[in-house]
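Protein chains in written order, with our numbering: chain F, 1 to 360; chain X, 1 to 360; chain B, 1 to 325; chain U, 1 to 325.
Don't be surprised by glycine CBs; every beta carbon is placed ideally from N, CA and C.
Fair warning: this is a prediction, and the values are worked out from it, not measured in the lab.
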Amino acid sequence: MAEARAAPAEAPVAANEEPPLSDVLSAYRTMVIARVMDERCLTLQRQGRIGFYVPMQGQEAAQVGCAWALAEEDWIFPAYRELGVALARGIPIPLLINQFFGNSGDEIKGRQMPNHYGYRRFRFVTASSPVGTQISHAVGAAMAARLRKDPIVTVSFFGDGTTSSNDFHAALNFAGVFQAPSIFFCQNNQWAISLPREKQTRSATLAEKAAAYGFPGVVVDGMDFRAVYRAVAEARTRALAGGGPTLIEAQVYRLGPHSTSDDPRRYRSDAELAEWRDRDPVARLKQELHEAGALTEENDRAIWEAAKEEIARAVEAAEKLPSVDPLSIFDDVYAQRTPSLEEQRAGLQRELAAGGEPKR
Amino acid sequence: MAEARAAPAEAPVAANEEPPLSDVLSAYRTMVIARVMDERCLTLQRQGRIGFYVPMQGQEAAQVGCAWALAEEDWIFPAYRELGVALARGIPIPLLINQFFGNSGDEIKGRQMPNHYGYRRFRFVTASSPVGTQISHAVGAAMAARLRKDPIVTVSFFGDGTTSSNDFHAALNFAGVFQAPSIFFCQNNQWAISLPREKQTRSATLAEKAAAYGFPGVVVDGMDFRAVYRAVAEARTRALAGGGPTLIEAQVYRLGPHSTSDDPRRYRSDAELAEWRDRDPVARLKQELHEAGALTEENDRAIWEAAKEEIARAVEAAEKLPSVDPLSIFDDVYAQRTPSLEEQRAGLQRELAAGGEPKR
Amino acid sequence: MTELTLVQAINRGLQQAMHDDADVVMLGEDIGLNGGVFRATDGLQKEFGAERVIDTPLSETGIVGTAVGMALYGLKPVPEIQFQDFIYPAFDQIVSEVAKFRYRSGGQYPCHLVIRSPYGGGVKGGLYHSQSAEAYFAHTAGLKVVIPSTPADAKGLLLSSIYDEDPVLFFEPKRIYRAVSGEVPDGDHRVPLGVAKVVREGTDLSLFAYGAMVHPALQAAETLASDGPSVEVVDLRTLSPLDEKAVLASVEKTGRAVIVHEAPRFCGYGAELAALFAEKALFSLKAPVARVTGYDTPFPYALEHLYLPNAARIVAAVRTTMAAG
Amino acid sequence: MTELTLVQAINRGLQQAMHDDADVVMLGEDIGLNGGVFRATDGLQKEFGAERVIDTPLSETGIVGTAVGMALYGLKPVPEIQFQDFIYPAFDQIVSEVAKFRYRSGGQYPCHLVIRSPYGGGVKGGLYHSQSAEAYFAHTAGLKVVIPSTPADAKGLLLSSIYDEDPVLFFEPKRIYRAVSGEVPDGDHRVPLGVAKVVREGTDLSLFAYGAMVHPALQAAETLASDGPSVEVVDLRTLSPLDEKAVLASVEKTGRAVIVHEAPRFCGYGAELAALFAEKALFSLKAPVARVTGYDTPFPYALEHLYLPNAARIVAAVRTTMAAG
Ligand SMILES: Cc1ncc(C[n+]2csc(CCOP(=O)(O)OP(=O)(O)O)c2C)c(N)n1
Ligand SMILES: Cc1ncc(C[n+]2csc(CCOP(=O)(O)OP(=O)(O)O)c2C)c(N)n1
Ligand SMILES: [Mg+2]
Ligand SMILES: [Mg+2]
C-alpha cells in the first residue's frame, strides 16, 4: 500500500487491522456472486430482457474490501457501479434483480434505470446518475450523525472522473473544515467513459488531492482485498476517534465497458486490458485463500455454482412478476399527492380504462 | 517570499525579474491613487451620493504589483475588488467614477452596481458578482489565445473565500490538464465577509491547492510590492514558455469592511486590524522608495495632493452628467432587440411620455 | 402578538423551530457570528451553538449538498442562500437531488429541508442582488415554493415549511424585510402551505401577486377604489403547489385577471396562472389576461425604478383590462 | 442533398462550420476520440485535431466556463453537454454569465457560443437521461433556445446558431436522432432563428409542438384527417425568441390551440404559449387552450411510455377541445 499522506493523522489509529480468515472466505464468496451476477446481467441486457446495465468487473476487491471493513450501522452513499458493496451489505439478490427489471418487486417502483437502487434499511442510499452529488450528502449525514452522537461513519463511492465534479470539491472542503467522520472512497478504474485518468487531472495521484482540504489521502492497490480492508479500517478508526475524514484512492480497472451503451474498443487498447486482466482481483483472492489453506478447488467450484444458481432463480422469479402499477407514476413526488397530481392521475386512469396501455 | 511549490516548475524561468526604480515610483503613484479613491468613494457612499462601494485598502501592493508585471496585451479577469489593477491598467479615473455613479458617462450604461466594471479596450473583462465564475473564463481565454498563437497570458483575480467555489476547482483542473497559459492570482485577505481564512478550508496554505491540479503554487507576501511583482513575472515567463499555469497566493488584509453594507466589528477584533495596519503596503513602498532615494517627503505630498485633486475633479464632473437613457434597459440583451423587447420598450416609452418617470 | 418587521418575524420563526426541535439545524454563509447579511439569523448561533447554526465555506453546492445529507439522516436542515442570485451553484443539488430523492427512492428517502433565500429587487442591487428566480423552482416537480408577503405569514409559513415533509424553497422579499411590519402571533404560529389568501375583496377584476408585489397591488386597488373598478387582490403565498381552487374562484367571480410579478415575463410564473385561466376559466374571462412583470432583460442597476412593477403600472394595466371587455 | 438521420445532420453541420471557420471549436466529455456518446461528433477530432475538438475532464462547470472564456476572446465555441440532465452543474455559468455578459458589459462582451445537448425521453433513460429542461432557459433573458425536429432543420438551425451573435442553447431530440431521417441540403445550409414553421396546414385547431413531439403531433393530425377536424401543426423550432406573429396568426385562424411538450406542465414552456393566447388572442379563442405534456413528476423509468405524450393522447385532447367550443 503506497501512501500519499497529505497531512499527519491526528488521531490514534489501530494498526494492522486484519479480517479473520473465515471472514475473508465469506468476502470471497460475495466477490464471486458479484462477478457472476455482473456477467449474467450483461447477457440479460444483450438479450433485451433488461434495458441497461453498468458492469463492475475488476472492482470486486475494492468494493467488497471496503464494505467488509465497515460496520452495519455505517451509511453508504454509492454511485451507480457499486454492486459489490450492495451485496456485501447483505442486500438480497432478488431485490437487486427486480430493480434491474423495474418490475412490481422493485422496491423503488420501477422509477430508475438499472443499477440506481438504494434501500434505507441497509443504510445504502438510493443512487442518482449525476456524478458526485452523493459525496456532499455523505458529509452532511456524517455531520448529522455526530450531532446525534451516533458512533458511525459515512462512506461515499465515486470514480476517478468524479474527482472533477463540483461536489467532490465542495464535499471534501466541508469535510476538512468540519472534520466530518466520513470516508471518501474513490475507485480509480483508470477511465471515465473514454477519458483516461491522466487526462482527467494533472495531479500524480488522486489521493493527494486530500492535501488541498487538509486531511490524509491514501493510495491503495484496489485489486488487493486485504490492502483495501486495512486502509478503510484505519480510516474508519481515525474518523470515529474524531480524527476527521480520509480520501482513499483504490487503484482498479474497469474490465468491461462503461455501460451496455459503450464500446471501449473505440478508445482503449487490448494490450492495456490484457495487462489488467492478469491482475483479476477475484482470482487473486482465490489464490491467497488457497495458499492459506482456506479454499480447495472443489469448494471454489461449489461457490461459483451456488452463485449461478441463486442468480438464475432470482432472474426466473423476476420475469414472472407483473410490471409496476401504472398509477404509481404520481406517488412519491410529494408526501401527499397534490390536487393537481390527483387530477393528472385521474386523467391517466380514464385513459387506461378507455384504451388500455399505449404500447411501450 | 515563502514558496509552497507544489510541483516542480517545468519550464525555464527568468530569475530575479525586477522592475526598474522609475517604474516602481509610478506604481507607487498608482497605489496612492487607489488609496485616495477608495477613501473618497467610501465617503460618497456614506453621503448617499453613490449606492454602494467595495473598498480594497490593504490590497494595493498585491494588485498593482501583479498588474505591473503583466504586459498590456494580457487579459485580466477581475472580481469586484480590483481597483488597483484597473488603475494600473490605465483605465481612466473618470470612467471608473462614472461607473460608480451609474450615469450617462458610464460605458456599461448603469447596468451594474459600483465596482462591477470592465472595458474591452483595456483587456479588463467586466466583472460579475457570483464569485469564481471568472476563473474558468480566464482559462478558456488562455486556451483561445494559444490556439491563435497570441503570446499572452490571462490572469484571474479572486479571494480566499472563492477557493471554495465550483469554478476554482473546475478552472484549475482544466488549466492543469490543458497547461493553459493562465495565472491564478488569489488575494488572501484573510476574510470572506465574516468567515476567517482558517474556517474557509483546512489546508495550511491556499497556494498548496495547486498540487491537486498538478502545477506550482506560490505564497507571496502581498504587502510587498516587489515580491508580488517577482512572483507574477516568474509565473508569466513560465506560462509563455509553455510551462503551464501558476497559482499565486498573495497574503494581504482587507483593512476596511467587506463592502459598505458590512460591519466588520461584528466578527473581527481591533487587535487583528491594528496588527495588519502596521504593515500598510502603501506606507511600506513609500519607505522603500524613500530609502532608495527615489522619493522625498515633498514629492510624496505632491503625489497625494495630485491624486485627491484628480479624483475630486472626476467626482464633480460625474455629478453633472445626466442619468442613463431609460430606454437603454432594452439594449444589449441580444445583439438586436427582439420583437417582444421592442413591444416592451414601446410600452415604457408610452409610460414615460404620459406620466414621467416613477420616482426612484 | 408582537409587532415585528418581516425579517424579525423570520428570525423569531427560526428561533421557535430551533427551540422546539433539536433536529432543526441551519447552515450558510455568514449566518452565525455575523447573524446573516440581513440579520435574519441574528443571535441564533449564540443561543443554539455553532453545531446547529453553522457558518460554512463559500459554496452553495456544499451548503445544499450537506443539508441534503443531514435531511436524509433525519435532521430538519434550514440552509440559507445569501442572495437568491447565488442559488445557481446549488441548482444541480436542488433539481437533481432535493426534488427527486423521494421519488427516485420509491418513497424511502424524503428530503425535508427548507432552503431560505432573500429574493427580488428594490434594494439597488443590480443584476446579481435582485433576481426573482421562482419560476425555475416552481417548474421543478418535487419542490414546494413559498413566498410570504407579511410578517405574520413569514413566520407562519416558515414554521409550516420546516415541519412539512417535503422540500421547500422559501423565498423572502428582501425589499420589505424592514419596510413592512405587523402583528405576529407568538409561539409556534403556523400558516398552512398551499392556501392562497384573498387580501382584498373585489368584484370586477382580480389581481394576483406574491411577496413584495402584494403591496403595490394593494396600493393599486386602493387607488382605484374611489372611482374605478372594484379590485380583488389575491396573495398566492404558496406558488407550488398552487391553490388552483382559490385563484379560479376569484377569476370566475370577477371575470378579469391581472398578474403581477418582478421576474421577467417570458415563461415566468405568471404564464402558468394565465395558462390556467385559458384552460379552466376561459368562458368566465371577459377581458384578456394581463401580466405586469419585470421586463425580459437582466435586472438593471441604475434603472431599477423603471424595471420594477409599481402601483401606477398596475393601475394602468387594470384600466386597460377594464376597457378591453 | 443527402439523406441523413438527425444525428448525422448535426454531425455534418458541425463539420461544415469547423471546416469553414477556424474560430469554431468544440469541447465536452467523450466528444473526441469516442465521437460523442451518440456519435454526434464522430470523426471530427480526427479531421480537425485535438486542439479544436477537445475532450474535457468531467465538469460541466468547466466546459461552459471555459467556452465562455473562449467566446470572450473571439472564438465560436460549441460546447456539448452529454445529456441535458447534466447541464445543471453549469447552470450558474449559463444563467449568471452566458446570458448576462453582453448586457452587464454594456454591449462590450458578446458571448456567442452554442451549447449543444441531447434532451427528452423515449430512450428508457429514467429520471436522469430523459429530461426536457427548455423552460429554465427560455425564461432566462439573454439566451436563445432552439430545438429542431428534422434533419434538415437540425443542420440549418445549428449553423445559424453557430453564426448567431448571441448565445444559443441548442437542444437535440435524442429520441429521434436515428428514428427520423430526411433530405438535407449540402454545404452551408442555414435555417433562420426565430421563425416557426407551419408543417401542416389546417383550419379548425392549431397544434403547437417542437422537437420530438412534432412527430406525434403530425401523426395525430393525420389520424384525425379522415373524419375529424382539420388540424394545423406548427413547429416552433426557436423557443426563444418565440415567433409570436406566427403562433398568433395560426390561433387566430383556427380559434383553438393544443400545446404539446414532454416537459412537466406546471410552469412549462406551454404555459407561455397559453398565456400569450389569453393575452393577445383571447377573443379569437373558441375553446379552452389545452396542454398535452409530461406529468408534474420526475421522469419515470419503467412507465415512460405512459408518461410521454403520444399521438393517441393528442388526438383525445383535440377531440375534447373541439367538443368544448
Ligand atoms: C454531471 C454528470 N455529467 C456527465 C455524466 C455522464 N457520465 C456518466 S458516468 C461518466 C464517467 C464517470 O467516470 P468515473 O467518475 O471515473 O466513474 P466510472 O464510471 O469510471 O465508475 C460520465 C461522464 C453524468 N452522469 N453526470
Ligand atoms: C456564488 C456566490 N455566493 C455568495 C456570494 C456573496 N458574497 C459576496 S463576496 C463574498 C465573500 C468573498 O470572499 P473572498 O473570495 O475571500 O473575496 P473578498 O471579498 O475577501 O475579496 C460572499 C460570500 C457571492 N457573491 N457569490
Ligand atoms: Mg472511472
Ligand atoms: Mg477574502
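Residue-level contact to chain U via CB, residue i, 8 angstroms cutoff
i: Pro281 of chain X; result: no
i: Pro89 of chain B; result: yes
i: Met113 of chain X; result: no
i: Gly194 of chain B; result: no
i: Ala7 of chain X; result: Residue placement at Ala7 of chain X is poorly supported in this model, since its pLDDT is 35, which falls under 50; the coordinates still yield a value, given next. Closer than 8 angstroms: no.
i: Ala4 of chain X; result: At Ala4 of chain X the pLDDT is 36, less than 50, meaning the model places this residue with poor confidence and gives no usable figure here.
i: Gly102 of chain F; result: yes
i: Glu10 of chain F; result: Bear in mind that the predicted position of Glu10 of chain F carries a pLDDT of just 36, short of 50, making it too unreliable to give a figure here.
i: Ser156 of chain F; result: no
i: Tyr269 of chain B; result: yes
Any chain F beta carbon closer than 8 angstroms to residue i
i: Val7 of chain U; result: no
i: Thr201 of chain X; result: yes
i: Glu208 of chain X; result: yes
i: Ser129 of chain X; result: no
i: Ser59 of chain B; result: yes
Of the residues the options, the one placed nearest residue i, counting alpha carbons only
i: Ser240 of chain U; options: U:Tyr163, U:Val195, U:Asp30, U:Phe299; result: U:Val195
i: Tyr213 of chain F; options: F:Ile76, F:Phe168, F:Ser323, F:Gln112; result: F:Phe168
i: Pro55 of chain X; options: X:Ala27, X:Ile76, X:His116; result: X:His116
i: Val78 of chain U; options: U:Asp85, U:Met70, U:Gln84; result: U:Met70
i: Asp55 of chain U; options: F:Val282, F:Gly243, F:Ala192, F:Gln47; result: F:Ala192
i: Ser269 of chain X; options: X:Gln336, X:Gln57, X:Thr126, X:Gly256; result: X:Gly256
i: Asn189 of chain X; options: X:Ile135, X:Asp280, X:Glu297, X:Ala210; result: X:Asp280
i: Gly120 of chain B; options: B:Pro300, B:Ile314, B:Phe277, B:Ala324; result: B:Pro300
i: Gln134 of chain F; options: B:Ala246, B:Val68, B:Asp235; result: B:Val68
i: Glu73 of chain F; options: F:Lys149, F:Ala274, F:Ile50; result: F:Lys149
i: Arg277 of chain F; options: F:Arg313, F:Tyr253, F:Ala210; result: F:Tyr253
i: Ile97 of chain F; options: F:Ala204, F:Gly347, F:Pro151, F:Gln45; result: F:Gln45
i: Asn173 of chain F; options: F:Glu198, F:Ala210, F:Ala204; result: F:Ala210
Residue-chain proximity (residue i, chain B), Cβ-Cβ < 8 angstroms
i: Asp20 of chain U; result: no
i: Asn173 of chain F; result: yes
i: Glu279 of chain U; result: yes
i: Ala14 of chain X; result: Residue confidence is low: Ala14 of chain X scores 46 on pLDDT, short of 50, so the model does not pin down where it sits. No coordinate-derived value is stated.
i: Tyr80 of chain F; result: no
i: Ala274 of chain U; result: yes
i: Ala318 of chain F; result: no
i: Ser136 of chain X; result: no
Any C-beta of chain X under 8 angstroms from that of residue i
i: Ala67 of chain B; result: no
i: Leu348 of chain F; result: no
Anticipated Cβ contact below 8 angstroms, residue i with residue j, distance rounded
i: Leu58 of chain U; j: Glu80 of chain U; result: At roughly 13 angstroms, the Cβ-Cβ gap does not stay under 8 angstroms, so Leu58 of chain U and Glu80 of chain U are not in contact.
- Query: Taking three-plus beta-carbon pairs below 8 angstroms as touching, is the segment 51 to 70 of chain B in contact with the segment 97 to 116 of chain B?
  - Reply: Here the segment 51 to 70 of chain B lies against the segment 97 to 116 of chain B, with 3 or more beta-carbon pairs under 8 angstroms apart.
- Query: Does the segment 117 to 127 of chain F come within contact of the segment 124 to 142 of chain U, defined as at least 3 CB pairs closer than 8 angstroms?
  - Reply: Output reads no: the segment 124 to 142 of chain U does not touch the segment 117 to 127 of chain F.
Three CB pairs or more closer than 8 angstroms across the segment 136 to 144 of chain U and the segment 135 to 145 of chain X:
Not touching, per the Cβ criterion.
For the pair the segment 55 to 69 of chain F and the segment 79 to 99 of chain F, tell me if three or more CB-CB distances fall below 8 angstroms. Touching, yes, given that three or more Cβ pairs across the two stretches are closer than 8 angstroms.
inquiry  = Runs of 4 residues minimum, wholly inside the segment 111 to 144 of chain F: which ones carry the alpha helix (DSSP H) assignment?
reply    = List check, alpha helix (DSSP H) in window: nothing returned.
Any alpha helix (DSSP H) of 4 or more consecutive residues that is wholly inside the segment 204 to 254 of chain U:
The alpha helix (DSSP H) runs lying completely inside the segment 204 to 254 of chain U and spanning 4 residues or more are 214 to 225, 244 to 254, given in chain order.
Entirely within the segment 165 to 204 of chain B and at least 3 residues each: give me those beta strand (DSSP E) ranges in chain order.
List check, beta strand (DSSP E) in window: 168 to 173, 181 to 184, 197 to 200.
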